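Numbering (our numbering), first residue to last: 1043 to 1510.
Even for Gly, the Cβ is constructed at its ideal location relative to N, Cα and C.
No experiment lies behind these values; they were computed from the predicted model shown.
Contents: one structure, followed by commentary.
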């Protein structure tokens, strides 16, 4: 009986053990299934991570706190022509030139010490003679009780080279602008000042720093030298009409101090590659000396150097204009031809210096008797011409006679000698609509000739039909 009880107890214990074993096996199977699912998910996540990192346009890497590489993506492998399997476990000193490795390691330590991400431009390449520039973003992170450094980087070598080329181009442009003799001002598309070269600073009185972003009209004020009227800002014309703008030779620049400078200037649009106007460039230079010389030469070409009066060429030009105006029906001008009497005696007796002085004094005497709108000229030798502008004939004859009287009363002193002279005057009206310049001059000369042969020192009016 006792052995039967023992046997029953053994069977009972075995049954319990078997049940526990079955339960344990079931739990183990469940655990294994869970582990398999986790492994599958991990492999999927790893594959997804690898695909993401390997298809990324940036290089990526991870290092432990000893500087050993624990991960790189395929873009890094391709960029440096190295294998991931070869790089893992190595430091930068194992595969980069020493100078480069020292720089990269120093940057890595700065990130780990700072404890926050840092963006930096690094020069990293396997050949120091062919540097490549990288925009790197490095950051510290922890996994468990270990600290790591992660980073991504973009190759910006092309961008840096372009920036350098643009910088060199800008430097060359700045050197050129500083070197040329013309003043140059550039503006943006709304006419605000962007730059002035040193000559522009000098002429306007504004420095680059002071003028920056100001409307151009604030620093570049121009007027017409003859009328004193303001001239439209050339850049406004360029930006409005999209064309080059040039100005007359009578432009005056009023500098910041109020100084007036004669300038020649032009403005042109600055266009982008697509043809869009993005600004304007204004080029001008100090034309004071040139304009003074031009006017001096022009004056010399049209004036008698001895008396300062208009010369024969200028007088004939003005006379031709008066003839054309008379043909339109306007009140005609009156031409007076004057020939000094007894001038040759003084010239022969006292010399050419005395003759020249007499001519200057007579010129001043004539000038004092006529209006500013009239034209007085020395035609050559002792001959003068006067063009009385739209003056009635009777009044013109009175003026001519007054001139005759003034000369008659005039006394010329040279040394201890005193001389008196006279003047013969021929008068012609430009009332005819058919007279040419030659006919009018011939008529005036004939009238003066008649005055001389009527006893000198008198005025003779040419008959009206002689001017036809």
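Sequence-distant residues of the same chain with beta carbon closer than 7 Å to residue i, five excluded per side
{"i": "residue 1256", "result": "1234, 1235"}
{"i": "residue 1062", "result": "none"}
{"i": "residue 1321", "result": "1228, 1229, 1230, 1231, 1236, 1312"}
{"i": "residue 1133", "result": "1109, 1110"}
{"i": "residue 1130", "result": "1111, 1112"}
{"i": "residue 1106", "result": "1112, 1188, 1190"}
{"i": "residue 1493", "result": "1466, 1467, 1468, 1500, 1501, 1502"}
{"i": "residue 1448", "result": "1407, 1411"}
{"i": "residue 1277", "result": "1229, 1233, 1258, 1309, 1322, 1324"}
Residue i versus residue j - alpha carbon distance
{"i": "residue 1379", "j": "residue 1356", "result": "15 Å"}
{"i": "residue 1395", "j": "residue 1420", "result": "17 Å"}
{"i": "residue 1170", "j": "residue 1139", "result": "7 Å"}
{"i": "residue 1455", "j": "residue 1243", "result": "57 Å"}
{"i": "residue 1311", "j": "residue 1251", "result": "23 Å"}
{"i": "residue 1175", "j": "residue 1168", "result": "12 Å"}
{"i": "residue 1490", "j": "residue 1376", "result": "14 Å"}
{"i": "residue 1153", "j": "residue 1160", "result": "6 Å"}
{"i": "residue 1415", "j": "residue 1431", "result": "7 Å"}
{"i": "residue 1229", "j": "residue 1324", "result": "8 Å"}
{"i": "residue 1149", "j": "residue 1178", "result": "10 Å"}
{"i": "residue 1341", "j": "residue 1400", "result": "22 Å"}
{"i": "residue 1504", "j": "residue 1297", "result": "56 Å"}
{"i": "residue 1186", "j": "residue 1206", "result": "45 Å"}
{"i": "residue 1525", "j": "residue 1343", "result": "Because residue 1525 is not part of the residues shown, which for the chain are 1043 to 1510, the question remains open."}
{"i": "residue 1196", "j": "residue 1180", "result": "12 Å"}
{"i": "residue 1461", "j": "residue 1438", "result": "28 Å"}
{"i": "residue 1265", "j": "residue 1363", "result": "29 Å"}
{"i": "residue 1293", "j": "residue 1326", "result": "11 Å"}
{"i": "residue 1483", "j": "residue 1428", "result": "12 Å"}
{"i": "residue 1281", "j": "residue 1288", "result": "14 Å"}
{"i": "residue 1101", "j": "residue 1225", "result": "49 Å"}
{"i": "residue 1328", "j": "residue 1271", "result": "20 Å"}
{"i": "residue 1347", "j": "residue 1239", "result": "42 Å"}
{"i": "residue 1274", "j": "residue 1259", "result": "9 Å"}
{"i": "residue 1126", "j": "residue 1081", "result": "23 Å"}
{"i": "residue 1268", "j": "residue 1339", "result": "18 Å"}
{"i": "residue 1166", "j": "residue 1098", "result": "19 Å"}
{"i": "residue 1498", "j": "residue 1464", "result": "7 Å"}
{"i": "residue 1135", "j": "residue 1076", "result": "43 Å"}
Which of helix, strand or coil DSSP assigns to residue i
{"i": "residue 1132", "result": "coil"}
{"i": "residue 1228", "result": "strand"}
{"i": "residue 1491", "result": "helix"}
{"i": "residue 1269", "result": "coil"}
{"i": "residue 1186", "result": "coil"}
{"i": "residue 1236", "result": "strand"}
{"i": "residue 1293", "result": "strand"}
{"i": "residue 1351", "result": "coil"}
{"i": "residue 1408", "result": "helix"}
{"i": "residue 1397", "result": "helix"}
{"i": "residue 1500", "result": "coil"}
{"i": "residue 1471", "result": "strand"}
{"i": "residue 1141", "result": "helix"}
{"i": "residue 1122", "result": "helix"}
{"i": "residue 1286", "result": "coil"}
{"i": "residue 1328", "result": "strand"}
Status (buried if at least 16 other CB within 10 Å, exposed otherwise) for residue i
{"i": "residue 1446", "result": "buried"}
{"i": "residue 1058", "result": "exposed"}
{"i": "residue 1163", "result": "exposed"}
{"i": "residue 1074", "result": "exposed"}
{"i": "residue 1223", "result": "exposed"}
{"i": "residue 1501", "result": "buried"}
{"i": "residue 1433", "result": "buried"}
{"i": "residue 1381", "result": "buried"}
{"i": "residue 1214", "result": "exposed"}
{"i": "residue 1123", "result": "exposed"}
{"i": "residue 1173", "result": "exposed"}
{"i": "residue 1060", "result": "exposed"}
{"i": "residue 1370", "result": "exposed"}
{"i": "residue 1424", "result": "buried"}
{"i": "residue 1064", "result": "exposed"}
Cutoff 6 Å; reference residue i; Cβ partners in own chain excluding five residues on either side
{"i": "residue 1509", "result": "Confidence in residue 1509 is poor, its pLDDT being 40 and thus under 50, which makes the residue's placement unreliable; the coordinate value appears in the next sentence. Answer for residue 1509: 1470, 1474, 1477, 1485, listed in chain order."}
{"i": "residue 1261", "result": "1246, 1248, 1253"}
{"i": "residue 1202", "result": "1175"}
{"i": "residue 1426", "result": "1380, 1420"}
{"i": "residue 1367", "result": "none"}
{"i": "residue 1198", "result": "1175, 1177"}
{"i": "residue 1389", "result": "1397"}
Close-in-space but distant-in-sequence residues of the same chain around residue i (CB under 8 Å, 5 per side omitted)
{"i": "residue 1285", "result": "1279, 1311"}
{"i": "residue 1345", "result": "1351, 1352, 1353, 1356"}
{"i": "residue 1495", "result": "none"}
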